[in-house]
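J.:
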Amino acid sequence: MQDISINLGNYRLMVTEAPTMKMRENAQTGELETVTNRKGEVQFVVVLFAKPIAQPGKRPGKGEEIRVNLAADPGDGFEEGGYVELINPVLNTYEMRDDNGRITASGLWFKADGLKPAGQRGLSSAA
Numbered sequence: 000m001q002d003i004s005i006n007l008g009n010y011r012l013m014v015t016e017a018p019t020m021k022m023r024e025n026a027q028t029g030e031l032e033t034v035t036n037r038k039g040e041v042q043f044v045v046v047l048f049a050k051p052i053a054q055p056g057k058r059p060g061k062g063e064e065i066r067v068n069l070a071a072d073p074g075d076g077f078e079e080g081g082y083v084e085l086i087n088p089v090l091n092t093y094e095m096r097d098d099n100g101r102i103t104a105s106g107l108w109f110k111a112d113g114l115k116p117a118g119q120r121g122l123s124s125a126a
């Protein structure tokens with residue numbers, strides 16, 4: 000399944016690694032190269048700590064660090080420790096198979112059109 004819309008309004012998203020251009024190692028040369036989408040546009044990545052917003056009378060939930068691919072440069076002002084919201088976040092699934100067709104890896108990855116500063120105390124405007 001691809002590009003499943005998600006609502007992260009019940010989570011606080013704190014930047015743990017500032018946005019950077021997405022890079023990968025070239026298999027032939029071993030050098031790093033920028034990652035582009037099918038249209039040739041440079042992709043970016045940000046690492047966030049997603050923690051559920053505490054609910055009255057309930058035990059606080061544990062958080063999780065997530066990597067989010069961004070479709071464009073989010074610009075300046077998104078430093079470590081700052082709280083953000085994702086613009087149009089989606090979830091994708093993947094699986095990798097070996098030559099015999101056996102699944103060797105599977106998982107989820109996050110993607111968004113961009114970032115914007117979160118509201119008061121890191122709360123989403125959707126919360």
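If you count the sequence shown from 1, position 2 lands on 1 in numbering that gives the first Met the number 0, and the numbers rise without skipping. Using N, Cα and C, we set each Cβ at its ideal position, and we do this for glycine too. Remember, it's a predicted structure, so these values are computed and weren't measured experimentally.
(1) Leaving out five residues before and five after Tyr166 in sequence, what residues of the same chain have Cβ atoms less than 7 Å from its Cβ?
(2) Give the secondary structure of Arg37 by DSSP, where H, G and I count as helix, E and B as strand, and everything else as coil.
(3) What residues are listed by DSSP as bridge partners for Pro113?
(4) Thinking Lys61 and Asn91 are a contact (beta carbons under 8 Å), I'd like their distance in whole angstroms, please.
(5) Determine the extent of the beta strand (DSSP E) in which Ala71 is found, giving its start and end residues.
(6) Just to confirm before moving on: does the CB-CB distance between Leu69 and Leu12 stay below 9 Å?
(7) Who are the Cβ neighbours of Val34 in its own chain at under 6 Å, not counting the five residues just before and after it?
T.: Once the coordinates are examined:
(1) This structure gives no information on residue 166, because the portion of the chain shown stretches from 0 to 126.
(2) Arg37: coil per DSSP, three-state reduction.
(3) In the sequence on display, residue 113 carries Gly and not Pro. Ile86, per the DSSP bridge assignment.
(4) Lys61 to Asn91, Cβ: 23 Å. No contact.
(5) Where Ala71 is concerned, there is no enclosing beta strand (DSSP E), given that its DSSP letter is neither H nor E.
(6) no
(7) Lys21, Arg23 and Gln42
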